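J.:
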Amino acid sequence: MTDTLLRVRHLRTYFWTLDGIVKAVDGVNMDIGTGRTLGVVGESGCGKSITALSIMRLIERPGKIVEGSVDLDRTDLLKLSESEMREIRGNAISMIFQEPMTSLNPVFTTGNQIAEAIRLHADIGAREAEDRAVEMLRKVGIPDPERRARQYPHEMSGGMRQRVMIAMALSTYPQLLIADEPTTALDVTIQAQILELMKELREERRMSIMLITHDLGVIAEMADDVVVMYSGKVVETGDVFTIFERPHHPYTQGLLGSLPRIGQRRGRLRVIEGVVPNPLNLPKGCLFARRCPCVMPICEQTPPPFQEVHPGQVSRCWLTPAGTTPAVGMTAPADVAEAEAARMTITADSGRQSATAAQMGEVGR
Amino acid sequence: MASRAATLVVRPAPRASRGLWRDALSRLRRNGPAIVGLVLIAIFVIGAVFAPVIAPYDPSVGVLTNSMQGPSLAHLMGTDLLGRDEFSRVLYGARISLTVGVVAVICGLAVGMVVGAVAGGAGGIVDTILMRFTDVMLAVPGILLAIAIVAWLGHGEVQIIVAVGVSYAPIFARLLRGSLLALRESDFVLAARSAGASTPRILLHHMMPNALTPMIVQATLALATAIIDVAGLGFLGLGPGDPRVAEWGEMLTDSARFLQNAPYLIIFPGAAITISAIGFNLLGDGLRESLDPRLKR
Ligand SMILES: Nc1ncnc2c1ncn2[C@@H]1O[C@H](COP(=O)(O)OP(=O)(O)O)[C@@H](O)[C@H]1O
Ligand code: SF4
Ligand SMILES: [Mg+2]
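Quick note, the sequences are listed as chains A and B, same order. With this note's numbering, letter number 111 in the first sequence gets 365, and the count goes up by one each step, no holes. With this note's numbering, letter number 244 in the second sequence gets 292, and the count goes up by one each step, no holes.
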């Protein structure tokens with residue numbers, strides 16, 4: 255594998271709400287290789303955006319990053335001062351968002367806004383920055399960029415604005431682009447164009463991308479590696495072929511079941527039955543247990559370990575690597591002791607003191 | 049000729065923009081009601097500024113033998129009980145109403161913006177305390193608050209300015225705080241933060257221009273009500289307190305008992321109050337439409 259650009263470990267981001275603590279990101283590990291695209295999938299509310307915002311250190315009250323590390327080229331971003339972090343944002347790591355209609359400031363022209371993004375990180379004059387803004391607009395495929403640079407966001411279509419956002423994000427030559435559902439708000443043909451553009455620019459720049467989406471079609475199109483999230487936790491990781499060919503986690507299998515096949519009409523997807531657990535009242539065992547077609551007695555008692563089911567593929571599930579029911583799972587429903595013993599065995603096998611997070615740190619590389 | 053042909057060729061289909069304020073101005077110019085409002089305001093401003101030149105008589109000196117004459121060529125709006133020329137008094141009244149109204153609104157705007165920016169910018173406990181305080185002020189009707197202040201500070205133009213200004217400050221504070229809070233949650237502010245902009249830069253460069261436009265609109269509309277408030281204070285006997293000074297509200301009070309036989313003494317100052325207020329209202333509504341670039345065309 256290539257070297258790692260971004261390494262996230264044990265990331266925990268909680269929100270203190272009036273009703274209690276929401277563990278929006280609860281011990282997330284992930285790695286993004288240099289020049290690679292990591293797809294992050296999961297249903298809405300599973301913590302994808304909060305993970306991205308935590309990496310950028312843009313979490314605000316009532317949220318707080320409580321634990322973890324985010325290493326970019328061996329620098330832990332979580333240890334930087336706020337002004338050092340500002341140098342990272344929009345420079346080493348850029349971000350684009352879901353809503354192109356509202357992500358640009360309505361009172362400034364697009365050229366102005368791109369020029370500002372450039373000048374935040376480069377010591378150049380306004381004129382030069384504006385010229386570079388026009389060049390960036392040309393690069394992202396906007397026709398007549400000189401004129402477009404003098405227009406306001408509301409004078410452009412959604413697809414055009416998303417191109418402007420991409421131009422702005424890439425104007426500083428970032429090492430990593432975080433794209434949070436960049437095409438969700440766009441219609442299908444525009445969506446394809448934007449993905450095509452991102453691919454081209456990725457090849458040209460050899461830049462890494464963290465692509466957040468709930469659309470596995472987009473993942474299949476774009477990603478090298480995949481992280482599947484559920485309820486603030488990573489439930490499965492692997493390269494894109496493995497995840498699509500032999501998904502291990504029942505949740506991943508469920509998501510793939512809801513992927514529209516070629517020829518099938520988009521829109522009405524088969525979705526996994528049930529809803530995500532209430533973040534304020536999480537079940538004590540596997541978080542997916544209430545919706546899982548393979549649920550076993552042990553699942554409701556003890557959180558499953560994070561086990562390497564194949565080289566490079568890690569899954570947080572009690573099923574055996576082959577996907578069958580483990581022997582311990584068949585014992586009496588409340589036989590927690592034995593379940594715990596099984597967990598310890600797995601832990602001991604991999605030579606680690608604590609299962610889950612630390613283990614993932616090793617195998618998720 | 050050659051240059052004209054060239055201009056025709058390069059003319060872009062949608063108009064390219066030349067800046068927020070210039071665009072707003074060009075939109076304002078095409079807004080009919082706003083222009084009417086502007087003309088009405090201009091008439092009063094010119095009348096007020098050039099009152100000494102335009103006014104045919106001294107507004108404070110009356111000829112008792114001319115008392116209570118109806119409108120005529122010599123006295124366009126008639127004369128009052130003391131034989132003073134009503135037209136001259138209405139003109140001079142515009143001076144008081146406009147200056148007191150404008151200065152009061154500017155004071156209210158200044159105080160309100162500081163409070164609103166601190167509350168909306170700081171948030172938390174500071175915000176809570178400041179906003180509870182403005183809530184209390186807003187719970188008291190503005191004119192009542194103004195009456196209390198004049199009653200406390202005594203008669204005089206400065207006192208009226210303070211009174212009216214204080215009653216407007218909480219409105220501006222609440223408005224600015226509200227838009228700052230909404231802007232803080234907005235996608236483009238998050239995008240600016242993700243681009244590496246600092247907090248002061250986001251506040252001044254990204255949030256303020258967006259928060260300012262509703263303030264400008266509100267301030268213009270407030271001028272309309274401020275003029276009515278000033279006249280209201282005068283009507284209630286809390287005006288400048290100098291009988292020689294012509295003030296629209298006091299003129300109404302003085303003439304109220306002659307409603308039957310000299311209605312013109314009520315009609316003209318009343319019309320002055322109403323028309324100037326309508327002027328500011330029309331302009332305020334026009335500004336609301338022109339300052340939003342999304343409402344183009
Ligand atoms: N400001 C907030 N206050 C409380 N909870 C929040 C806040 N922002 C996000 N959350 C919670 O964090 C969880 C993850 O949200 P998010 O990362 O936006 O999900 P998604 O995967 O759809 O991007 C959600 O359950 C949401 O309730
Ligand atoms: S641990 Fe059990 S409930 Fe959870 S996903 Fe695996 S089989 Fe399903
Ligand atoms: Mg999201």
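Using N, Cα and C, we set each Cβ at its ideal position, and we do this for glycine too. Computed from a prediction, not measured in an experiment: that's the story for all the values here.
Determine whether the beta carbon atoms of Val163 (chain B) and Ala217 (chain B) lie at a separation below 9 Å.
T.: yes
J.: So Thr305 (chain A) packs on Val282 (chain A), CB below 8 Å; how close in whole Å?
T.: The pair is a contact, with the Cβ atoms about 6 Å apart (cut-off 8 Å).
J.: Taking 8 Å as the line, does the beta carbon of Gly281 (chain A) fall inside it for any heavy atom of ligand 1?
T.: no
J.: Considering only residues of the same chain and omitting the five flanking positions on each side of Val159 (chain B), which have a CB-CB separation below 6 Å?
T.: Ala217
J.: Less than 8 Å between C-beta atoms, sequence neighbours within five positions excluded: which residues of the same chain meet that for Pro360 (chain A)?
T.: So the qualifying residues of the chain are Tyr406, Pro407, His408.
J.: Going along chain B, which residues have a C-beta under 9 Å from Met414 (chain A)?
T.: Simply none; closest approach about 12 Å.
J.: Would you please verify whether the beta carbon of Val361 (chain A) is less than 9 Å from any beta carbon of chain B?
T.: yes
J.: Under a Cβ-count criterion, where at least 16 other Cβ atoms within 10 Å of its own Cβ denotes burial, should Asn258 (chain B) be classed as buried or exposed?
T.: buried
J.: Around the Cβ of Asn309 (chain B), are there at least 16 other Cβ atoms within 10 angstroms (buried) or fewer (exposed)?
T.: Label assigned to Asn309 (chain B): exposed.
J.: What are the boundary residues of the beta strand (DSSP E) that Ser569 (chain A) is part of?
T.: 567-570 is the extent of the beta strand (DSSP E) around Ser569 (chain A).
J.: When the cut-off is 9 Å and only beta carbons count, does Ala319 (chain B) lie next to chain A?
T.: no
J.: Using a threshold of 8 Å, is the CB atom of Gly487 (chain A) nearer than that to any non-hydrogen atom of ligand 1?
T.: The question names Gly, but residue 487 (chain A) is Lys in the sequence shown. Incorrect: Lys487 (chain A) has no Cβ contact closer than 8 Å to ligand 1.
J.: Quick one: what does DSSP say Lys487 (chain A) is sitting in, helix, strand or coil?
T.: strand
J.: Using only the alpha-carbon positions, how far apart do Thr271 (chain A) and Ile552 (chain A) sit?
T.: The alpha-carbon atoms of Thr271 (chain A) and Ile552 (chain A) are separated by roughly 31 Å.
J.: Measuring only between beta-carbons, confirm whether Gly332 (chain B) sits less than 9 Å from chain A.
T.: no
J.: In chain order, what residues of the same chain have a beta carbon less than 6 Å from the beta carbon of Pro533 (chain A), not counting five sequence neighbours either side?
T.: Val276
J.: Name the chain B residues that come within less than 7 Å of Gly374 (chain A), Cβ to Cβ?
T.: In the sequence on display, residue 374 (chain A) carries Leu and not Gly. Going along chain B in sequence order, the residues near Leu374 (chain A) (Cβ under 7 Å) are Ala243, Gly244, Ala245.
J.: Between Ile197 (chain B) and ligand 1, is there a pair consisting of the residue's CB and a ligand heavy atom that are separated by less than 8 Å?
T.: no
J.: Note down, in chain order, every chain A residue with its Cβ under 7 Å from the Cβ of Asp364 (chain B).
T.: There is no way to answer for residue 364 (chain B), as the model of chain B reaches only from 49 to 345.
J.: Between the C-alpha atoms of Gly576 (chain A) and Arg500 (chain A), what's the straight-line distance to the nearest angstrom?
T.: Per the sequence shown, the amino acid found at residue 576 (chain A) is Ala instead of Gly. Roughly 10 Å between the two C-alpha positions.
J.: For Met476 (chain A), which of helix, strand or coil comes out of DSSP?
T.: helix
J.: Put Pro514 (chain A) into one of helix, strand or coil per three-state DSSP.
T.: For Pro514 (chain A), the predicted model reports a pLDDT of 49, less than 50, meaning its position is unreliable and no value from the coordinates is stated.
J.: If you drop the 5 nearest sequence neighbours on each side, which residues of the same chain put their C-beta closer than 7 Å to that of Gly289 (chain B)?
T.: His203, Gly204
J.: If you draw a straight line from the C-alpha of Phe316 (chain B) to the C-alpha of Val293 (chain B), how long is it?
T.: Taking the straight line joining both Cα atoms gives about 17 Å.
J.: Please state whether the Cβ-Cβ distance between Leu307 (chain A) and Leu430 (chain A) is less than 9 Å.
T.: no
J.: Tell me the rounded alpha-carbon separation between Ala596 (chain A) and His502 (chain A).
T.: Residue placement at Ala596 (chain A) is flagged as unreliable, the pLDDT there being 45, under the threshold of 50; a coordinate-derived value is accordingly withheld.
J.: Under 8 Å Cβ-Cβ, which residues of chain B neighbour Thr356 (chain A)?
T.: Around Thr356 (chain A), the beta-carbon contacts reaching into chain B at under 8 Å are Ser234, Asp235, Phe236.
J.: Between the beta-carbon of Ala142 (chain B) and the beta-carbon of Ala96 (chain B), is there less than 9 Å?
T.: Taking 9 Å as the cut-off, the Cβ atoms of Ala142 (chain B) and Ala96 (chain B) count as close.
J.: What does Glu353 (chain A) touch in chain B if you count any residue whose Cβ is under 7 Å from its own?
T.: Those are Asp235, listed as they occur along chain B.
J.: Using CA coordinates, which residue listed in A:Pro547, A:Glu554, A:Gly511, A:Thr496 is at the minimum distance from Glu562 (chain A)?
T.: A:Thr496
J.: In angstroms with no decimal places, state the Cα-to-Cα distance between Thr247 (chain B) and Arg343 (chain A).
T.: 13 Å
J.: Using 10 angstroms around the beta-carbon of Tyr427 (chain A), count the other beta-carbons present and answer buried if the total reaches 16, otherwise exposed.
T.: exposed
J.: Using the rule of at least 16 other Cβ atoms within 10 Å of the residue's Cβ for burial, across every protein chain shown, is Pro81 (chain B) buried or exposed?
T.: exposed
J.: Any idea what DSSP makes of Asn329 (chain B), helix, strand or coil?
T.: helix
J.: Quick one, which of B:Pro189, B:Leu192, B:Ala167, B:Ile191 has its alpha-carbon nearest Arg180 (chain B)'s?
T.: Checking every option, the nearest Cα to that of Arg180 (chain B) belongs to B:Ala167.
J.: Whole angstroms is fine: what's the gap from Asp493 (chain A)'s alpha carbon to Glu454 (chain A)'s?
T.: 21 Å
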